[in-house]
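Structure record follows, encoded as structure tokens.
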Amino acid sequence: MAEFPNFNRFENSNYKENTFEKLTNLENQFDPELAREKFEQASQENKIESAKEFNFDGLENTAEKLKEDEISELIASADLTVYERLNPTNAKEAKEEFLSNPDLIHPNYEYGNLNKQEIENNLDNLEKAKAELESAELSSGKRRLLEYLADDYFKKNDFLVANLAYNTVTQPETKKLAAEHHKEANEALYGKPDEGTFYALLNEKIDQIKAQDLSEEQKQSFAELLDKIGPMPETRSERFKPKPETIERFAEMTNEFFGSFLQHIPENQEKFSSQEMVNIVNEIIEEELNEDGSNPYRAEIKAGATNASADHEERRIYFPEDKTYSAKRARGLIVHELGTHVLRAVPYVDHEVEAFSTGFPNNEEFDEGVAKAVEQAINGKYEDSGIDHYINIGLANFKGKNFREVYEIQCKLRELTGGKIEPVFNAVQRCFRGTGELPNNKDLAYYNGANRVWKHIEDHIDDIELFDQLFLSGKIDYQNEQQEQISYEARTKGI
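Listed below in structure tokens is the structure:
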């Protein structure tokens with residue numbers, strides 16, 4: 000595992016640690032300890048010199064073992080939303096500067112939400128919890144759950160460390176080490192793109208352009224695009240797409256499964272306001288999902304929201320103000336947000352393992368994949384998800400393209416395929432979120448999730464338990480062995 004930088008050991012004794020900009024001595028001590036070793040070997044003999052600087056010393060002197068709920072609380076306290084910490088705090092200004100200055104390789108982002116003290120506290124709590132788990136008397140299911148959550152929260156914090164370290168160091172050698180740490184932490188948390196899939200998706204875009212009757216100006220732009228992309232493999236990989244008969248069959252099954260939901264949408268109405276959508280969703284919840292009156296979910300208008308979304312902490316489905324939806328979009332949203340994201344949570348809102356209703360780590364990929372598949376089935380049309388995100392991440396990972404290069408390639412792809420240019424910048428920013436220079440693989444989930452779910456549907460279309468797996472097993476990734484094992488133990492033995 001990549002090495003964890005020591006933030007506190009400064010060679011200059013007069014150095015005052017006040018701001019992130021002053022964390023320059025990372026250059027001189029980027030090798031105090033392997034982060035994974037610290038986490039997995041939480042015992043005195045495995046501690047090294049820098050341990051005390053993360054407040055890890057004294058753990059062995061704890062007078063009493065923590066109770067089960069205290070261990071759970073320690074682990075839960077280390078959870079955080081990674082992308083919120085990695086969003087730039089000067090996004091608007093940096094974007095304007097980048098778009099007005101073609102010489103900038105990447106925007107000059109500031110990451111004011113990256114708080115090293117928060118990360119240190121989280122890692123401290125995780126190590127305490129890890130040490131206590133060694134001797135705590137727990138059921139096998141509870142132990143498995145807590146260890147799984149602790150491991151995921153470590154990966155999240157480790158990735159934040161990697162971003163903070165890379166943004167801090169300046170010397171070439173330590174910059175290289177920081178980049179290596181970032182790559183390992185990135186792939187541990189989000190996985191890595193498949194090179195064959197990347198080139199297959201990119202080639203499909205290129206084939207789409209070749210099939211057009213291009214003007215001379217477009218031909219010149221296409222030549223520039225190919226030059227910017229660079230050499231590509233001659234052989235092509237096949238990628239999975241569901242068979243038409245799978246889509247048709249799943250559409251029939253989905254319409255039947257959600258028939259009671261969809262009957263609440265007025266048949267002869269072509270447009271729906273946000274408030275009308277809220278009213279329809281609340282009507283469905285009351286009449287279809289609230290027999291005993293215990294369902295806490297409600298739909299509401301949320302000021303400032305740009306899209307409909309489900310919040311499982313607040314138990315709300317939010318709609319933006321003053322938006323209008325077509326009848327087709329209304330049907331899709333209801334099965335997407337209520338029929339998938341919320342329905343998968345509702346049976347478990349009172350479960351002792353909160354993650355069954357709020358979502359297990361990295362459940363978003365499978366959850367969003369199910370929601371997309373259902374929405375497409377209801378509308379009778381399969382569409383790939385997250386292709387541009389996958390191409391951006393592939394360009395950064397496999398072609399070594401920087402922010403400016405990925406931006407220019409995507410702009411030309413959009414121009415030559417009739418797409419809009421406006422969303423390109425934000426999509427590229429997400430690809431490099433956290434540093435502006437190194438790829439962030441988080442958005443692979445959009446393509447991978449939908450792809451995995453459709454493959455699962457095609458392989459199990461005749462399985463009578465298919466819809467139970469997709470909608471009634473809680474907010475878990477049914478294809479994740481660890482999550483499925485935890486789910487099995489919860490159902491059969493309790494946790």
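Numbering that gives the first Met the number 0 puts the first residue of the sequence shown at 0, with every later residue one more than the last. A virtual CB, placed ideally from N, CA and C, is assigned to each residue, including glycine. As the structure is a computational prediction, the values presented were derived from the model and not from experiment.
In its chain, beyond the 5 residues on either side, Phe97 have a beta carbon closer than 6 angstroms to the beta carbon of Leu103. Within a 10 Å sphere around the beta-carbon of Asp291 sit fewer than 16 other beta-carbons, which makes this residue exposed. Two segments are said to touch when three or more pairs of C-beta atoms, one from each, lie closer than 8 angstroms; by this definition the stretch 217-229 touches the stretch 412-428.
For Lys204, same chain residues with a beta-carbon under 6 angstroms away, outside a window of 5 residues either side, are Leu412 in chain order. The stretch 432-439 makes no contact with the stretch 459-472, as fewer than three CB pairs between them are under 8 angstroms. Within the stretch 305-336, the complete beta strand (DSSP E) segments at least 3 residues long are 308-310, 315-318 and 323-325, listed from N- to C-terminus. Taking a cut-off of 8 angstroms for Cβ pairs, the stretch 314-324 and the stretch 441-452 do not touch, as fewer than three such pairs fall below it. In terms of Cβ geometry, Phe271 and Ala329 form a close pair [threshold 7 angstroms]. A contact between stretches requires three or more CB pairs, one per stretch, nearer than 8 angstroms, and the stretch 464-480 meets this requirement with the stretch 343-362. Spatial neighbours of Gly473 in its own chain (CB-CB distance under 6 angstroms, excluding positions within 5 residues in sequence) are listed in chain order as Tyr347 and Phe355. Under DSSP, the beta-bridge partners assigned to Ala298 are Ile316. Our two residues, Leu188 and Glu146, have alpha carbons roughly 16 angstroms apart in a direct line. Just measuring C-alpha positions, the residue of Gly393, Pro265 and Glu72 sitting nearest Asn439 is Gly393. Around Arg297, the same chain offers Asn281, Ile284, Arg314, Arg315 and Ile316 as residues with beta carbons nearer than 8 angstroms, after the five sequence neighbours per side are excluded. In the DSSP secondary-structure assignment, Phe271 is bridged to Tyr324. If you look at Leu125, you'll find it in the alpha helix (DSSP H) that goes Lys115 to Ser134.
Distances from the CA of Asn86 to each of Ala75, Leu159 and Leu144 were compared; the closest alpha carbon is that of Leu159. If the five residues before and after Asn107 are omitted, its C-beta is found closer than 6 angstroms to the C-beta atoms of Ala93, all from its own chain and listed in chain order. When secondary structure is reduced to three states using DSSP, Thr339 falls in the helix class.
The DSSP-derived three-state label of Pro243 is helix. Within a 10 Å sphere around the beta-carbon of Met276 sit 16 or more other beta-carbons, which makes this residue buried. Inclusion of Leu73 and Leu113 in the CB contact set at 7 angstroms is not warranted, their separation being larger than that value. Cα atoms of Arg235 and Asn202: separation of roughly 8 angstroms, rounded to the nearest angstrom.
Ser293 carries a coil assignment under DSSP once its states are collapsed to helix, strand and coil. Bounds of the alpha helix (DSSP H) holding His181 are Pro171 to Tyr189.
In the DSSP annotation of this structure, the continuous segment of the alpha helix (DSSP H) that includes Glu96 starts and ends at Ala90 to Ser99. Spatial neighbours of Glu336 in its own chain (CB-CB distance under 8 angstroms, excluding positions within 5 residues in sequence) are listed in chain order as Val280, Ala307, Ser308, Ala309, Ile316 and Ala370.
In summary, Gln428 is buried, with 16 or more beta-carbon neighbours lying within 10 Å of its beta-carbon over all protein chains present.
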